[in-house]
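K.L.:
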Amino acid sequence: MYAATLLRKVYRYLVRPKDHWAHFLSILDEPTLKHNPVLDQAGKQVLFKRNITLVELEPHAFCNRTCSFCPNSTIDRLTVKTTLDHVLYESILDDLAAIRYDKVLRFARYSEPMADDHIYDMVALARQRLPKANIDLVTNGDYLDAEALNRLREVGLSVLRISVYMRKGVVWTGTAAEDEITRLGHRIAIDPVWDSPTPTTVGAVFPYTGMKIVVFSHNFDEVGYDRGQLIKGLVDPKFVRRSPCFLVFSNFTVDFNGKVMPCCNLRSDHPAHERFTLGDLSMRRESIFDIYANKMSTEWRRSLVTVSEKIYPCASCKQKTLEGTALEQLGTTVASKLHKIGVHV
Numbered sequence: 065m066y067a068a069t070l071l072r073k074v075y076r077y078l079v080r081p082k083d084h085w086a087h088f089l090s091i092l093d094e095p096t097l098k099h100n101p102v103l104d105q106a107g108k109q110v111l112f113k114r115n116i117t118l119v120e121l122e123p124h125a126f127c128n129r130t131c132s133f134c135p136n137s138t139i140d141r142l143t144v145k146t147t148l149d150h151v152l153y154e155s156i157l158d159d160l161a162a163i164r165y166d167k168v169l170r171f172a173r174y175s176e177p178m179a180d181d182h183i184y185d186m187v188a189l190a191r192q193r194l195p196k197a198n199i200d201l202v203t204n205g206d207y208l209d210a211e212a213l214n215r216l217r218e219v220g221l222s223v224l225r226i227s228v229y230m231r232k233g234v235v236w237t238g239t240a241a242e243d244e245i246t247r248l249g250h251r252i253a254i255d256p257v258w259d260s261p262t263p264t265t266v267g268a269v270f271p272y273t274g275m276k277i278v279v280f281s282h283n284f285d286e287v288g289y290d291r292g293q294l295i296k297g298l299v300d301p302k303f304v305r306r307s308p309c310f311l312v313f314s315n316f317t318v319d320f321n322g323k324v325m326p327c328c329n330l331r332s333d334h335p336a337h338e339r340f341t342l343g344d345l346s347m348r349r350e351s352i353f354d355i356y357a358n359k360m361s362t363e364w365r366r367s368l369v370t371v372s373e374k375i376y377p378c379a380s381c382k383q384k385t386l387e388g389t390a391l392e393q394l395g396t397t398v399a400s401k402l403h404k405i406g407v408h409v
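Adding 64 to a residue's 1-based position in the sequence shown gives its number in our numbering.
#1: Taking DSSP as the reference, what is the three-state secondary structure of residue 239?
#2: Taking residue 118 as part of the beta strand (DSSP E), name the residues at either end of that continuous run.
#3: Hey, residue 222 and residue 199: beta-carbon distance below 8 Å or not?
#4: Identify the continuous beta strand (DSSP E) that holds residue 144 and give its terminal residues.
#5: Compare the C-alpha of residue 125 against each of 230, 134, 143, 224 and name the closest.
#6: Nearest to residue 224 by alpha carbon, out of 213, 115, 263?
#7: Can you tell me which of the three DSSP states residue 344 falls into?
#8: Should the region 336-354 be regarded as contacting the region 103-121, the criterion being three or more beta carbon pairs within less than 8 Å?
#9: Going along the chain, which residues of its own chain have a beta-carbon closer than 8 Å to the beta-carbon of residue 160, five neighbours each way excluded?
#10: Beta carbon of residue 371, beta carbon of residue 394: below 8 Å?
#11: What does a CB cutoff of less than 7 Å around residue 286 pick up in its chain, not counting 5 residues either side in sequence?
#12: When the distance is taken between beta carbons, is residue 174 closer than 8 Å to residue 204?
#13: Please list, in chain order, all residues of the same chain as residue 266 whose beta carbon is under 6 Å from its beta carbon, the five residues on each side excluded.
#14: Assign residue 162 to one of three DSSP states: helix, strand, or coil.
#15: Among the residues of its own chain, which have a CB less than 7 Å from the CB of residue 359, if the five just before and after it don't count?
#16: Taking a contact to mean a Cβ-Cβ separation below 8 Å, would you say residue 308 touches residue 407 in this structure?
#17: According to DSSP, is residue 334 part of a helix, a strand, or is it coil?
#18: Under the three-state reduction of DSSP, which class applies to residue 285: helix, strand or coil?
#19: Verify whether the separation of the beta carbon atoms of residue 324 and residue 311 is less than 8 Å.
#20: As an exercise, report each continuous alpha helix (DSSP H) stretch of at least 4 residues that is fully enclosed by the region 245-299, in chain order.
#21: Report the three-state DSSP secondary structure of residue 386 (helix, strand or coil).
#22: Please go through the same chain and pick out, in chain order, the residues whose beta-carbon is closer than 7 Å to the beta-carbon of residue 219, but skip the five residues on each side of it.
#23: Taking DSSP's pairing of strands, which residues face residue 315 in a bridge?
#24: Have a look at residue 403 and residue 97 and give me their C-alpha separation to the nearest angstrom.
#25: Identify the continuous alpha helix (DSSP H) that holds residue 359 and give its terminal residues.
#26: Does the structure place the region 292-303 close enough to the region 331-349 that three or more beta carbon pairs sit under 8 Å?
#27: By DSSP's criteria, residue 227 is part of a beta bridge. Which residues make up the other side?
#28: What span of residues does the alpha helix (DSSP H) with residue 219 cover, start to end?
#29: Taking residue 234 as the reference, which of 365, 132, 260 has the closest Cα?
#30: Use the C-beta contact count for residue 313: other C-beta atoms within 10 angstroms, 16 or more gives buried, fewer gives exposed.
#31: So the candidates are 217, 326, 261; which of them puts its Cα closest to the Cα of residue 274?
#32: If you follow the alpha helix (DSSP H) that residue 83 is in, where does it begin and where does it stop?
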């Protein structure tokens, strides 16, 4: 009984949200919100290291699923198998190593990272170059078995996050989600330790020495995001976002083609979103620091810093929103900070 209670506490520690809003408020200053065209490389590095808490990379384009709540249902990722250019990947790691990056490096996006064996080499190289980084990976679990878990642990993965979806024809319920997670546990020979479920989420941990394994299943028909209005069935016509968004401040998102996007909801390979690309690392003309500090990135941050009605593609986004008193208090604090640094948006 004590062991089960302890493991539930560990689960909550692994998945509980960090204080993203406190970090958001702490970095609202002139370098973050005013583009400086003459800022040198050292200044850009300082800005990136201080602000960015998550670098998310897409290791390749392929995904083996076409879920209705994902933009892959509207664009081909079954036959497109392009991998992130290895030289480009090494240059990203070079940049991160130059600042001794020690936050989260994630392999995810709209691919299934475990669908290609090169993911093991990518994780191993990241661990070698970034010894203090928290390296994690998001997978649908379809390619996992005991051997795959062992390989991930050996190459230095910190956290494996498994998002479990329903099999074709199965409607999401809490019971169905538990069945899918239990079935996965049988495949990898680990029994799940359950967290308290909610009406839309079932979660657990798989106890595993040397690597944290978190598993969850969400009812995305209820809690899914419209991904920059690509998923029409998830667009709420009655909702207009007023909350600021910290993702464009603290996340750095790179697609499989080397293009950098403002956040995880936008994708460079979709015609509706390609104009939102912040920079293209594949051109070998800019570093990750150049792109984070450029004019377009700065304008995105300014557009999402205040409590105000947002415009497309963010107008209908419900991810990481605050409401009510919490939103009012945040708005007052943001307005005060912007006033002090002379930023008008």
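Here a beta-carbon is modelled for each residue, glycine too, at the ideal position from N, C-alpha and C. None of the values given here were measured: they were computed from a predicted structure.
P.N.:
On the basis of the supplied data:
#1: Reading the sequence shown from its first residue, position 175 is the one you call residue 239. Three-state DSSP puts residue 239 in a helix.
#2: Taking the sequence shown and counting its residues from 1, the one referred to as residue 118 is at position 54. It spans 118-121 - the beta strand (DSSP E) in which residue 118 sits, taken as one unbroken run.
#3: For the purposes of this step, residue 222 is taken as the residue at position 158 of the sequence shown. For the purposes of this step, residue 199 is taken as the residue at position 135 of the sequence shown. Cβ atoms of residue 222 and residue 199: closer than 8 Å.
#4: The count along the sequence shown starts at 1 and reaches residue 144 at position 80. Careful: residue 144 lies outside any beta strand (DSSP E) and carries neither H nor E.
#5: Position 61 of the sequence shown, counting from 1, holds the residue named residue 125. Closest by alpha carbon: 143.
#6: Locating residue 224 in the sequence shown gives position 160, where the first residue counts as 1. Checking every option, the nearest Cα to that of residue 224 belongs to 213.
#7: For the purposes of this step, residue 344 is identified with residue 280 of the sequence shown, where counting begins at 1. DSSP places residue 344 in strand when its eight states are reduced to three.
#8: yes
#9: For the purposes of this step, residue 160 is taken as residue 96 along the sequence shown, with counting starting at 1. So the list reads 119, 169, 193, 194, 197, 352, once near-sequence residues are dropped.
#10: Here the question's residue 371 lines up with position 307 in the sequence shown. Here the question's residue 394 lines up with position 330 in the sequence shown. For residue 371 and residue 394, yes; Cβs fall inside 8 Å.
#11: Stepping through the sequence shown from its first residue, residue 286 is reached at position 222. Correct list, in chain order: 264.
#12: Counting from 1 along the sequence shown, the entry for residue 204 is found at position 140. Counting from 1 along the sequence shown, the entry for residue 174 is found at position 110. No, these two residues do not count as a Cβ contact at 8 Å.
#13: Within the sequence shown, numbered from 1, the residue matching residue 266 stands at position 202. Only 238, 241, 242, 281 meet the Cβ criterion.
#14: Mapped onto the sequence shown, residue 162 falls at position 98. Residue state, collapsed to three classes: helix.
#15: By one-based count along the sequence shown, residue 359 stands at place 295. Same-chain partners within the cutoff: 99.
#16: Taking the sequence shown and counting its residues from 1, one reaches residue 308 at position 244. Taking the sequence shown and counting its residues from 1, one reaches residue 407 at position 343. No, these two residues do not count as a Cβ contact at 8 Å.
#17: Your numbering for residue 334 matches position 270 in the sequence shown. Residue 334: coil per DSSP, three-state reduction.
#18: What you label residue 285 is simply residue 221 of the sequence shown in a count that begins at 1. DSSP places residue 285 in helix when its eight states are reduced to three.
#19: Position 260 of the sequence shown holds residue 324. Position 247 of the sequence shown holds residue 311. Not a contact, by the Cβ cut-off of 8 Å.
#20: 284-287
#21: The residue labelled residue 386 in the question sits at position 322 within the sequence shown. If DSSP states are grouped into helix, strand and coil, residue 386 belongs with coil.
#22: Within the sequence shown, residue 219 is the residue found at index 155, counting from 1. For residue 219, where only same-chain residues beyond five positions count, the Cβ hits under 7 Å are 184, 187, 188, 191.
#23: By 1-based counting over the sequence shown, the position of residue 315 is 251. Partner(s): 118.
#24: Locating residue 403 in the sequence shown gives position 339, where the first residue counts as 1. Locating residue 97 in the sequence shown gives position 33, where the first residue counts as 1. Using only the alpha carbons, I get a separation of about 12 Å.
#25: By 1-based counting over the sequence shown, the position of residue 359 is 295. Where residue 359 is concerned, the enclosing alpha helix (DSSP H) stretches over 359-367.
#26: yes
#27: Along the sequence shown, one-based indexing puts residue 227 at 163. Answer by DSSP bridge pairing, in chain order: 280.
#28: Locating residue 219 in the sequence shown gives position 155, where the first residue counts as 1. Here the alpha helix (DSSP H) through residue 219 covers 210-219.
#29: On the sequence shown, residue 234 is found 170 positions in, with the first residue counted as 1. Comparing Cα positions, the closest option is 132.
#30: Here residue 313 corresponds to residue number 249 of the sequence shown, with the count starting at 1. Result: buried.
#31: If you number the sequence shown from 1, residue 274 lands on position 210. Of the candidates 217, 326, 261, the one whose C-alpha sits nearest the C-alpha of residue 274 is 217.
#32: Position 19 of the sequence shown, counted from the first residue, corresponds to residue 83. From DSSP, residue 83 is part of no alpha helix (DSSP H); its letter is neither H nor E.
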